[in-house]
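Residue numbers (the working numbering): 559 to 932.
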């Protein structure tokens with residue numbers, strides 16, 4: 559009985575292995591067929607696009623026959639993929655007239671937008687991706703396409719939402735982006751603040767006005783959205799030092815927002831912020847040590863005797879990260895050789911060890927950068 563049981567298990571195991579091998583072979587064969595078919599379709603679309611571009615170069619319009627053919631074929635994802643590849647190739651070859659061609663077919667994108675609204679999320683996401691690549695950059699005024707894209711955000715996947723947002727950033731209409739963010743905010747859809755901030759900085763319209771519009775409604779956004787907007791403003795170099803200062807001093811502001819504000823003031827010097835950063839470090843304990851860690855890093859942008867005093871004191875802090883950031887900030891601010899000797903020869907082994915370690919590390923990094931340049 560024991561031998562029969564083992565033989566059965568071996569047989570089952572062997573059958574599973576053979577099935578997996580067969581499936582892998584089948585998948586590879588099918589994938590190859592799909593790729594070959596996509597390549598053929600891409601070549602077909604390249605020729606169709608070139609033909610229309612030749613007509614446009616002569617002052618003609620895109621033929622109605624071509625537009626109807628686009629409507630008929632591009633509602634199928636496999637043709638949309640091939641069409642996108644063809645457009646991408648033409649764009650890479652820097653065919654100037656291609657922009658005129660894309661302008662001619664914007665009505666087709668609207669048609670596709672309505673058709674794809676009935677499809678699965680992944681298909682919606684792909685159409686949004688295509689629009690994010692090719693929408694004419696000068697067409698920033700309100701367009702039906704923007705409303706369709708915003709509608710894609712409701713009850714969909716993170717992948718689809720991200721592609722829709724990328725398309726809206728490409729279009730560059732402030733109202734459309736604000737509407738999209740309100741959908742995310744009001745429906746409490748989670749979209750990571752870093753994704754939002756990194757996307758907003760690619761906005762093709764007036765980033766200064768976008769920042770002002772978004773911050774004007776800061777009390778209406780949830781915390782994650784506020785963080786994203788602060789990160790965006792930090793990256794786009796807009797001067798919000800005074801506006802942010804009011805929030806920085808609000809004791810009811812949650813810690814993640816406060817951290818985003820500290821990082822803003824690290825990049826954008828504001829004298830009153832320097833005093834607040836010093837206070838965060840001096841008051842840092844187990845409850846708010848994270849504020850001290852980030853504030854210590856930010857102080858490298860605030861030279862002065864008070865800053866140096868606070869940073870040297872921070873070298874003796876019980877938290878490793880505060881000591882680490884304090885050492886880096888001191889070196890960046892130009893700690894003197896006499897001050898270094900005093901710390902290295904001091905009684906606090908942890909402080910001297912950290913400063914010594916960072917001096918060696920940063921010296922090695924500097925030498926490596928010089929070697930790479932030379």
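Even for Gly, the Cβ is constructed at its ideal location relative to N, Cα and C.
Predicted, not measured: the structure shown is a model, and the values here were computed from it.
Tell me whether the beta-carbon of residue 851 lies closer than 8 Å to the beta-carbon of residue 880. yes
Leaving aside the five residues before and after residue 668 along the sequence, list all residues of the same chain whose C-beta is less than 6 Å from its C-beta, in chain order. 702 and 703
7 Å Cβ shell around residue 711 - same chain, five flanking residues per side excluded: Within the same chain, and ignoring the five residues on either side of residue 711 in sequence, the residues whose Cβ sits closer than 7 Å to its Cβ are 719, 722, 738, 741 and 742.
Any chance the stretch 897-912 sits against the stretch 866-879, with 3 or more Cβ pairs inside 8 Å? yes
The stretch 798-811 / the stretch 838-845 touching (three or more Cβ pairs under 8 Å): no
Based on Cα-Cα distance, which residue from 573, 649, 848 and 863 lies nearest to residue 608? 649
Which two residues bound the contiguous alpha helix (DSSP H) that contains residue 661? 656-662
Are the Cβ atoms of residue 686 and residue 725 separated by less than 8 Å? In contact: residue 686 and residue 725 (Cβ atoms closer than 8 Å).
Can the beta-carbon of residue 883 be found less than 8 Å from the beta-carbon of residue 842? no
For residue 857, the three-state DSSP class (helix, strand or coil): helix
Helix, strand or coil at residue 900 [DSSP, three-state]: helix
Which listed residue (779, 849, 654 and 666) has its alpha carbon closest to that of residue 622: Looking at the Cα atoms, 666 is the closest of the given residues.
Would you mind sorting residue 598 into buried or exposed? The rule is 16 or more other CB atoms within 10 Å of its CB. Answer is exposed; the Cβ neighbour count stays below 16.
Is it buried or exposed, residue 612, if we count other Cβ atoms within 10 angstroms and call 16 or more buried? exposed
State the Cα-Cα distance for the pair residue 931 and residue 921, rounded to the nearest angstrom. Note that residue 931 has pLDDT 42, beneath the 50 cutoff, so the model's placement of it is unreliable and the number below is only indicative. Answer to the nearest angstrom: the Cα atoms are 16 Å apart.
Reference residue 889; option with closest CA among 656, 917, 624 and 716: 917
So, helix, strand or coil for residue 605, using DSSP? helix
Segment limits, alpha helix (DSSP H) that includes residue 688: 679-692
Could you tell me the alpha carbon to alpha carbon distance between residue 750 and residue 618, rounded to whole angstroms? 46 Å
Return helix, strand or coil for residue 627, following the three-state DSSP convention. helix
Answer with buried or exposed for residue 790, where buried requires no fewer than 16 other C-beta atoms within 10 angstroms of its C-beta. buried
CA-to-CA distance, residue 814 to residue 663, given in whole angstroms: 45 Å
With a CB to CB cut of under 6 Å and the five nearest residues on each side skipped, what residues in its chain are close to residue 520? Any answer about residue 520 is impossible in this case: the structure gives the chain only from 559 up to 932.
May I have the straight-line CA-CA distance separating residue 699 from residue 731, to the nearest angstrom? 6 Å
When you compare only the Cα positions, how much space is there between residue 693 and residue 684? 14 Å
Excluding the 5 residues flanking residue 834 on each side, which residues of the same chain have their C-beta closer than 7 Å to its C-beta? 806
Residue 617: first and last residue of the uninterrupted alpha helix (DSSP H) it sits in: Looking at the DSSP string, residue 617 is not in any alpha helix (DSSP H), and its letter there is neither H nor E.
Label residue 748 either buried or exposed according to how many other C-beta atoms from any shown protein chain fall within 10 Å of its C-beta, with 16 as the threshold for buried. exposed
Rounded C-beta distance between residue 753 and residue 761? I'm assuming under 8 Å. That pair is no contact at about 14 Å.
Once the 5 residues before and after residue 757 are set aside, which same chain residues still bring their CB inside 7 Å of it? 723, 724 and 727
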